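For reference, the structure is listed below as structure tokens.
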Amino acid sequence: MYKKNDIFSILIFVPVVFSYMAISAEDVFATVGGPTYLERLSYSPSENAIYYLINNQGGRGCPAEIAKINLTTKEQILILPCDKIEETYYTNEGFNSLEYERFVQNTFQPLISLPIISLPKNGISITVDYVGEHRFDEYNVSSDFRALVSQGNEKKGTIDFLGCYKDQPNVFRGYMIPNTDKIAMVVSRIGDCFEGGYTDDDMYIVENIISKDTTPIAYHNNFSGPQVREGYLVVSTQNVDTILDSLSGKTQKTDFILVAAISTLIIGVGFGAGYAVGHKTKALSL
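Just so we're aligned: 81 in our numbering is position 87 of the sequence shown, and the numbers increase by one with no gaps anywhere.
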């Protein structure tokens, strides 16, 4: 049982947290989680590079960034990062969406939009193994995965990526790159464990692919959420029992759980208040 002094301390702690969150509203605004999607994959033959949009729907609220990957060096760079967007297209009058959209359109207009092709019809198969726990620090833990990409009975490459739950499904979609033996493979999965998990997209280049069926099954100029279509591969993790799940600790005492629950509730409400204040403050300052 908790003593009166403990309850009094918690009640005192509540307004302190609220005050701190209000003061730190701008920081809270930048740390709210959200899904990240890749959109509008397009090919530049002259640069031998793929351009794409990174639509991060996290708390910063930044419009889609423009990025590209060089198919020779595999170097990925941000052409229009969030900081540059805020610096260039936000004024005292607000967000200049017209100029931003014009820049995006001018960037992608000369490029070749990549078609999504059927992975099964091209004889491409994928297996995913849970490699082990990925610990960022004492409190943030995710999972390491390795995907083996094959065509027929021949191994074509491996893809290492982060996920959240070790037995989670992962969606693979392939984009044909014209006049090459490469495909762009996008992995959609629960990649961010924050707040219960958010969808993340990441792109990888797989080489030495023999194109058997190049019929486009879709073009994704924009992507609003996880989808499963004909031609995609949905692969659940194999060998999930080979490594102990260190996240399943169940030895906490009841008192600790109660305190943690109270703290989580307080922090959650505080974050919500901080987000609201930060959003209002940012809107008024523009």
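All C-beta atoms, glycine included, are put in the ideal place defined by N, C-alpha and C. These numbers were taken from a predicted model, which means no experiment stands behind them.
A Cβ-Cβ distance of about 6 Å is found for the pair Ile110 and Tyr169, placing them in contact under the 8 Å criterion. Secondary structure at Asp161: coil, using DSSP grouped into helix, strand and coil. Of Tyr213, His128, Ser205, Ser137, the smallest CA-CA separation from Pro114 is found for Ser205.
According to the DSSP assignment, Gln70 belongs to the beta strand (DSSP E) that extends over 70 to 74. Taking all protein chains in view, the Cβ of Tyr198 is crowded by 16 or more other Cβ atoms within 10 Å, so the residue is classified as buried.
Scanning Ala141, Arg96, Lys150 for the CA closest to the CA of Leu156 turns up Ala141. Only buried fits Asn49, as 16 or more other CB atoms lie within 10 angstroms of its CB. In this model, Leu74 and Arg167 are separated by some 25 Å (Cα to Cα). Between Tyr192 and Gly28, the C-beta spacing is below 8 Å. When only Cα atoms are considered, Ser107 and Asn100 end up about 14 Å apart. Per DSSP, the beta bridge partners of Gln145 are Ile118, Glu148. For Ser36, the enclosing beta strand (DSSP E) starts and ends at 30 to 38. Under the DSSP assignment, Thr101 falls in the alpha helix (DSSP H) whose first and last residues are 91 to 102. The beta-carbon separation of His128 and Ser119, rounded to 25 Å, does not stay under the 8 Å limit for a contact. At least 8 Å separates the beta-carbon of Gly151 from that of Glu95. In this structure, Lys62 and Tyr45 form a Cβ contact; the two beta carbons are roughly 5 Å apart against a cut-off of 8 Å.
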